[in-house]
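Novice: Please find one structure pasted underneath; my questions will follow.
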């Protein structure tokens, strides 16, 4: 009976040892695959880091260009405001010139009428003086 129990125990030990060997072999295989995967991922991670650095540079450049564009847009807006003020002043000056031109035209007409009246008076004065002989 003891020999039979020892044989059964030996059989169970052999099966357990075989299972342990299979498990160790599986773990070793999986570990090898993991090592290969990590080794192949290394260059990809490095490339990813390089691309991230490049993307950061490009984004920085885009931001700089956007800030430059904003500054230029503000300059254009300021120049436009200044031109609007100048245009308003010019319009006021043109209106003043138009008013002065109208006043000058009226004065010229008045002077022309006065000259005609003086011409008439001069004619009458000459006629009146011609009666007198010196």
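Numbering (my numbering), first residue to last: 3 to 136.
Just so you know, even glycine gets a beta-carbon here, dropped at the ideal spot from N, CA and C.
These figures come from a predicted structure and were not determined experimentally.
Counting only runs of 3+ residues fully inside the stretch 79-112, write out the beta strand (DSSP E) ranges in chain order.
Specialist: Assignment of beta strand (DSSP E) within the stretch 79-112, counting only whole runs of 3 or more residues, yields no such run.
Novice: For residue 3, does the three-state DSSP call read helix, strand or coil?
Specialist: coil
Novice: In angstroms with no decimal places, state the Cα-to-Cα distance between residue 51 and residue 68.
Specialist: 25 Å
Novice: Look at the alpha carbon of residue 34 and the alpha carbon of residue 17, and state the distance between them as a whole number of angstroms.
Specialist: 25 Å
Novice: Taking only the alpha-carbon atoms, compute the straight-line gap between residue 134 and residue 126 and give it to the nearest angstrom.
Specialist: 13 Å
Novice: Under the three-state reduction of DSSP, which class applies to residue 23: helix, strand or coil?
Specialist: Of the three classes helix, strand and coil, the one that applies to residue 23 here is helix, per DSSP.
Novice: Report the rounded CA-to-CA distance for residue 65 versus residue 78, giving the unit in angstroms.
Specialist: In a straight line, the C-alpha of residue 65 is about 20 Å away from that of residue 78.
Novice: With DSSP run on the structure shown, which of helix, strand or coil describes residue 132?
Specialist: coil
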